[in-house]
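**Student:**
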Amino acid sequence: MSATFVEARPIDSDWLGWLKRELAPTSARKIRTAIIVAGAVLCVIISMALQVPQLATSAYMVFFISKESKLLTTITGVGGVIVLTIGIGATLLLYKFTYGHPELRIPGMAIALFLGMWLSRVFVIGQLGFLLGFVVAVSQSVGEAAPSPEQLVRGILWLWVALAYSIAVTVVLNLLFLPDTPKAAARPKPKRSEPDGRRLLVADTLTNPAHVHFALKVTFAAMFCYIVYEAIDWSGIHTALITCVFIALETTEATMYKGTLRFVGCLIGGALALFAIVFLMPHMETIASLVVLVACAAAIAGWVATGSERISYAGLQIAFAFFYSTRPIPISITSAIASSESFLV
Numbered sequence: 004m005s006a007t008f009v010e011a012r013p014i015d016s017d018w019l020g021w022l023k024r025e026l027a028p029t030s031a032r033k034i035r036t037a038i039i040v041a042g043a044v045l046c047v048i049i050s051m052a053l054q055v056p057q058l059a060t061s062a063y064m065v066f067f068i069s070k071e072s073k074l075l076t077t078i079t080g081v082g083g084v085i086v087l088t089i090g091i092g093a094t095l096l097l098y099k100f101t102y103g104h105p106e107l108r109i110p111g112m113a114i115a116l117f118l119g120m121w122l123s124r125v126f127v128i129g130q131l132g133f134l135l136g137f138v139v140a141v142s143q144s145v146g147e148a149a150p151s152p153e154q155l156v157r158g159i160l161w162l163w164v165a166l167a168y169s170i171a172v173t174v175v176l177n178l179l180f181l182p183d184t185p186k187a188a189a190r191p192k193p194k195r196s197e198p199d200g201r202r203l204l205v206a207d208t209l210t211n212p213a214h215v216h217f218a219l220k221v222t223f224a225a226m227f228c229y230i231v232y233e234a235i236d237w238s239g240i241h242t243a244l245i246t247c248v249f250i251a252l253e254t255t256e257a258t259m260y261k262g263t264l265r266f267v268g269c270l271i272g273g274a275l276a277l278f279a280i281v282f283l284m285p286h287m288e289t290i291a292s293l294v295v296l297v298a299c300a301a302a303i304a305g306w307v308a309t310g311s312e313r314i315s316y317a318g319l320q321i322a323f324a325f326f327y328s329t330r331p332i333p334i335s336i337t338s339a340i341a342s343s344e345s346f347l348v
């Protein structure tokens with residue numbers, strides 16, 4: 004999501020008409036939503052059948068990886084698995100030196116966050132650079148929540164399995180069923196330095212101070228939240244750190260708008276989850292009923308997520324709030340790792 008998306012929001016009071024246009028059905032949207040629903044359902048079935056932990060993480064990743072074209076989905080999926088593997092390998096290596104040593108772990112988190120946010124601005128495929136730094140930083144942030152180093156390592160490795168297989172399922176479904184749409188390739192790009200196709204970094208990587216300023220601002224905000232919730236021993240609000248990272252954009256207006264989408268999406272997803280927990284789940288006894296519930300929720304979230312940049316992020320948050328509020332099976336690994344790492348986003 005770029006800062007330029009705010010330009011197309013309604014400037015008058017016709018929010019209802021604007022929302023109707025944003026949610027209007029199209030053939031491409033129907034297909035993409037169906038693919039997302041199928042992917043989420045398959046992840047639920049596979050995770051429960053093979054007893055793969057972190058089912059909610061797997062189901063949510065279908066939304067994160069699915070893009071508007073086969074090419075974008077494949078690049079995001081393959082690149083994501085590679086970066087995820089490197090990031091988890093790096094964080095396990097770091098834990099050899101930082102586990103039990105917060106004086107080393109906290110600065111390491113800050114450095115990883117700074118590098119990730121800086122790479123998101125200067126790397127040609129900015130999302131992959133961001134993902135690398137984010138995986139390392141968030142993995143380090145939950146280290147103290149693990150009862151033992153062995154459980155921490157097992158949790159992180161199972162996390163890789165849960166994410167990698169769901170990414171593979173998503174890529175395969177998109178390659179099989181998503182039609183080629185030339186319009187998807189013509190998506191407007193953010194107003195930033197134009198990269199040379201032969202380079203990995205943008206031309207002004209070392210000369211534009213805005214890249215460093217952006218990374219510093221996000222790092223300071225995220226680390227402030229981390230230090231506060233650790234100081235008051237309230238790890239339940241650890242998503243404050245993640246929120247700082249994921250709603251950060253080039254301008255204040257764009258950041259506020261994305262934060263609003265995150266808040267509204269979580270409210271809707273939480274309301275759907277509360278309804279399911281109170282009225283539906285007490286009567287669910289088979290995996291078939293669970294599949295129907297997941298399919299309905301995924302259809303609602305997927306329809307919003309396949310819209311334009313102006314509303315798509317709310318769809319991701321609807322899915323996240325719903326899946327993590329209605330986790331249908333116990334998580335055998337530390338819940339802190341499961342909930343934090345799922346925000347690869």
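Counting from 1 along the sequence shown, just add 3 to a position and that's the residue number in my numbering. Note that CB positions come from ideal geometry on N, CA and C, so glycine has one too.
Count the C-beta pairs between the region 307 to 323 and the region 28 to 46 that are closer than 8 Å, then say yes if the count reaches three, no if not.
**Tutor:** In short, these stretches touch, since the Cβ pair count reaches three.
**Student:** Quick one: is Phe-323 buried, meaning 16 or more other Cβ sit within 10 Å of its Cβ, or exposed?
**Tutor:** That one is buried.
**Student:** When DSSP labels each residue in this structure, what does Leu-204 get in the three-state scheme?
**Tutor:** Reduced to three states, the DSSP call for Leu-204 is strand.
**Student:** Determine the contact status of Ala-218 and Phe-117, defining contact as a CB-CB distance below 7 Å.
**Tutor:** It is a contact, given that the beta carbons lie within the stated cut-off.
**Student:** State the beta-bridge partners of Phe-126 as determined by DSSP.
**Tutor:** According to DSSP, Phe-126 bridges with Leu-204.
**Student:** Work out the CA separation of Cys-299 and Glu-25 for me, nearest whole Å.
**Tutor:** The straight-line gap from Cα to Cα measures roughly 20 Å.
**Student:** Between the region 138 to 152 and the region 108 to 123, do at least 3 Cβ pairs fall closer than 8 Å?
**Tutor:** Contact holds: three or more Cβ-Cβ distances are below 8 Å.
**Student:** Would you say the region 153 to 160 touches the region 246 to 256, given that touching needs at least three Cβ pairs under 8 Å?
**Tutor:** At 8 Å Cβ cutoff, the stretches do not touch.
**Student:** Compute the Euclidean distance between the alpha carbons of Gln-54 and Arg-108, then round it to the nearest angstrom.
**Tutor:** Approximately 32 Å between the Cα atoms of the pair.
**Student:** Under 7 Å, do Cys-46 and Ser-123 count as touching if we go by C-beta distance?
**Tutor:** Not in contact: Cys-46 and Ser-123 (Cβ atoms no closer than 7 Å).
**Student:** Measure the C-alpha to C-alpha separation of Gly-239 and Glu-233 and round it to an integer number of angstroms.
**Tutor:** So the alpha carbons of these two residues sit roughly 10 Å apart.
**Student:** Assign Glu-71 to buried or exposed, taking buried as 16 or more other Cβ atoms, counted over all protein chains shown, within 10 Å of its Cβ.
**Tutor:** Buried is the call here.
**Student:** Need the endpoints of the alpha helix (DSSP H) that Ile-49 sits in, please.
**Tutor:** Run containing Ile-49: 30 to 53, per the alpha helix (DSSP H) assignment.
**Student:** List, from N- to C-terminal side, the alpha helix (DSSP H) runs of 4 residues or more that fit wholly inside the region 126 to 171.
**Tutor:** Listed in chain order, they are 129 to 144.
**Student:** State the DSSP-derived secondary structure class of Trp-314, mapped to helix, strand or coil.
**Tutor:** The amino acid at residue 314 is misidentified as Trp; the sequence shows Ile. Note: Ile-314 maps to coil in three-state DSSP.
**Student:** Kindly list the residues whose CB is nearer than 7 Å to the CB of Pro-105, restricted to its own chain and excluding five residues on each side of it in sequence; keep chain order.
**Tutor:** So no residue of the chain qualifies.
**Student:** If distances are taken between C-alpha atoms only, which option among Ser-144, Lys-99, Ala-43 comes closest to Ile-230?
**Tutor:** Considering only alpha carbons, the answer is Ser-144.
**Student:** With respect to the alpha helix (DSSP H) encompassing His-216, which residues constitute its N-terminal and C-terminal limits?
**Tutor:** From DSSP, the alpha helix (DSSP H) with His-216 extends over 212 to 234.
**Student:** Out of curiosity, what's the CA-to-CA distance linking Ile-68 and Pro-152?
**Tutor:** Straight-line Cα distance between these residues: approximately 30 Å.
**Student:** Among the candidates Ile-128, Gly-42, Gly-318, whose CA atom is the shortest distance from the CA of Leu-179?
**Tutor:** Of Ile-128, Gly-42, Gly-318, the residue nearest in Cα terms is Gly-42.
**Student:** Expressed to the nearest angstrom, what Euclidean distance is found between the alpha-carbon atoms of Ala-162 and Gly-90?
**Tutor:** According to the sequence provided, residue 162 is Leu. The question's Ala does not apply to it. Spanning the two alpha carbons is a distance of roughly 12 Å.
**Student:** Which residue marks the beginning of the alpha helix (DSSP H) containing Tyr-98, and which one marks its end?
**Tutor:** Segment 73 to 101, the alpha helix (DSSP H) holding Tyr-98.
**Student:** Taking the C-alpha atoms as reference points, what is the distance between Gly-103 and His-241?
**Tutor:** Straight-line Cα distance between these residues: approximately 19 Å.
**Student:** Would you kindly work out how many angstroms separate the C-alpha atoms of Ile-85 and Cys-228, rounded to a whole number?
**Tutor:** Cα to Cα, the separation comes out at about 29 Å.
**Student:** Expressed to the nearest angstrom, what Euclidean distance is found between the alpha-carbon atoms of Leu-252 and Leu-135?
**Tutor:** Leu-252 and Leu-135: Cα-Cα distance of roughly 18 Å.
**Student:** Using beta-carbon positions only, say whether Val-40 and Ala-301 come within less than 7 Å of one another.
**Tutor:** Taking 7 Å as the Cβ cut-off, Val-40 and Ala-301 qualify as a contacting pair.
**Student:** If you count every other CB in all the chains shown that lies within 10 Å of the CB of Lys-235, and 16 or more means buried, which is it?
**Tutor:** The sequence given here has Ile at residue 235, not Lys. It counts as exposed.
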